[in-house]
Amino acid sequence: MGTLGNGLPDLPPEWGEVVIPDDPAELAEEAERVRDELRAEARAARRAAWRARWRRRLHLPERIDDPDQPSLVLPLIVLGVAVVITLLSLLLIAWPGLTRTTPETPQPGPPVRPAVSAPADAPTTAPTTGHLPPSEHFPGP
């Protein structure tokens, strides 16, 4: 790497030819791509820092590279879900007003008189008054 006439070093040869456009709008597409890459890297770094913070709080090793040393995460998740489901079911059973009540027994209505067969010489239509016609076969009140 040599220097130019103003004392600055040359660019590395692996960068290739660097062209600086006259209009900055020509770089908008490339700038957007670079911003997206930087956002993705920052997001990954935040995620890694969050994981490392929780691993330190739970006194877990930084990374588990040994397959003979299994993680406790999955059993703890299963146990937590089971406890939550159990507590919810107990709450639903014990909460007053959430259980179904049995319907009240129906109240008896007015008494119904048994049907009486009419003799052959009686009229075939029943009266609409709700009372039976007087008959010599049926003693009245």
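Counting in UniProt numbering, the sequence shown runs without a single skipped number right up to 141 at its last residue. Here a beta-carbon is modelled for each residue, glycine too, at the ideal position from N, C-alpha and C.
I'd like the span of the alpha helix (DSSP H) that includes residue i, first residue to last.
i: residue 145; result: No answer is possible for residue 145: it lies beyond the span of the chain, which begins at 1 and ends at 141.
i: GLY80; result: 73-94
Compare the beta carbon distance of residue i and residue j with 8 Å and say whether it is the shorter of the two.
i: VAL18; j: LEU11; result: yes
i: ALA48; j: GLU62; result: no
Got a sec: is the Cβ-Cβ distance from residue i to anything in chain B below 8 Å?
i: LEU60; result: Among the chains in the structure shown there is no chain B, since it carries only a single protein chain.
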